[in-house]
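Written out below as structure tokens is the structure these notes cover.
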Amino acid sequence: MAIGMGELKKNLKIEIQGVPYRIVEYQHVKPGKGAAFVRAKIKSFLDGKVIEKTFHAGDKCDEPNLLQKPMQFLYFDGSSYQFMDTETYEQIALSEDQVGDAPKWMLDGSQVQVLFHNEKAISVEVAQVVELKITETPPNFKGDTSSASKKPATLETGAVVQVPFHVLEGEVIRVNTQTGEYLEKVK
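To convert, note that position 95 of the sequence shown is 95 in the UniProt record's numbering; the numbers rise steadily by one, no gaps.
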């Protein structure tokens, strides 16, 4: 199905010349003279590169043949990330470029969504909110209870997030994987 200029929006998945993209940013432009157009930044699922593209009235792009499968992250072997289909037990390997920032939020055995384009694995999406344990953070200072101040905390995956001072080493917290922000402590 062809997608027209008027249907473009953020996070929409499109295909241009056989390459699947996701719209990262878009702006509808109506100049004083001439026809309206859409200026968009699109990110390739294949190599992660972001390019700018201008769509004019009448331009069409295709809907990509994408399939999302739940898979289990097994391990990183030094050069690629290994995933297993939980239904067929088939294993696939993805490169660091294909996985992107997902390893910051993945533990061995965690469930992820692997995106396939024409039956070939191309990228990984983690849950929007994950629960991870803090392995390292500076100690609290007596009397420092200001909720506005933050301190860095290293999580069990190696990711570093800013947390309030009352959060301690060894505690489990919820983190938004889209923004990398601390949400709350897990009780």
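Backbone N, C-alpha and C define an ideal beta-carbon position, used for all residues, glycine too.
Of the residues the options, the one placed nearest residue i, counting alpha carbons only
{"i": "E25", "options": "P31, K41, K33, G32", "result": "K41"}
{"i": "E169", "options": "V175, T177, L183, P152", "result": "P152"}
{"i": "I3", "options": "D47, K60, K150", "result": "K60"}
{"i": "residue 202", "options": "K33, K13, V50, L8", "result": "No information on residue 202 is available, as it lies outside the stretch 1 to 187 that the chain covers here."}
{"i": "T157", "options": "R22, G58, G109, V167", "result": "G109"}
{"i": "E131", "options": "V172, L115, K120", "result": "V172"}
{"i": "F165", "options": "E87, K69, P138", "result": "P138"}
{"i": "R174", "options": "K150, N140, K133, S149", "result": "K133"}
Inter-residue spacing [alpha-carbon to alpha-carbon] between residue i and residue j
{"i": "residue 254", "j": "F37", "result": "Residue numbering for the chain in the displayed model covers 1 to 187; residue 254 lies beyond these limits and cannot be assessed."}
{"i": "T177", "j": "L183", "result": "10 Å"}
{"i": "L66", "j": "G48", "result": "16 Å"}
{"i": "E125", "j": "A102", "result": "7 Å"}
{"i": "S79", "j": "E96", "result": "7 Å"}
{"i": "Q27", "j": "H117", "result": "27 Å"}
{"i": "V167", "j": "T179", "result": "19 Å"}
{"i": "K69", "j": "I23", "result": "21 Å"}
{"i": "K9", "j": "T54", "result": "13 Å"}
{"i": "Q17", "j": "V163", "result": "44 Å"}
{"i": "E52", "j": "R39", "result": "7 Å"}
{"i": "V114", "j": "K150", "result": "34 Å"}
Beta-carbon contacts of residue i that lie in its chain and below 6 Å, excluding the five residues immediately before and after
{"i": "K30", "result": "A36"}
{"i": "V160", "result": "P152, T154"}
{"i": "T135", "result": "T154, E156"}
Residue i CB to nearest heavy atom of the ligand GTP below 6 Å
{"i": "K133", "result": "Questions concerning the ligand GTP fall outside what the structure shown contains, since it holds no ligand whatsoever."}
CB contact flag (residue i, residue j, <7 Å)
{"i": "M106", "j": "F83", "result": "no"}
{"i": "M71", "j": "V129", "result": "no"}
{"i": "F45", "j": "I122", "result": "yes"}
{"i": "E7", "j": "D62", "result": "no"}
{"i": "K13", "j": "P64", "result": "yes"}
{"i": "L94", "j": "Y75", "result": "no"}
Beta-carbon contacts of residue i that lie in its chain and below 7 Å, excluding the five residues immediately before and after
{"i": "H56", "result": "M5, A35, F37"}
{"i": "N11", "result": "R22, I23"}
{"i": "V19", "result": "S44, L46"}
Per-residue DSSP class, three states only, for residue i
{"i": "K104", "result": "helix"}
{"i": "G4", "result": "strand"}
{"i": "V167", "result": "coil"}
{"i": "E25", "result": "strand"}
{"i": "D97", "result": "helix"}
{"i": "Y182", "result": "strand"}
{"i": "K9", "result": "coil"}
{"i": "S110", "result": "coil"}
Neighbourhood of residue i by C-beta, 8 Å cutoff - its chain only, sequence neighbours within 5 removed
{"i": "E90", "result": "M84"}
{"i": "E119", "result": "L67"}
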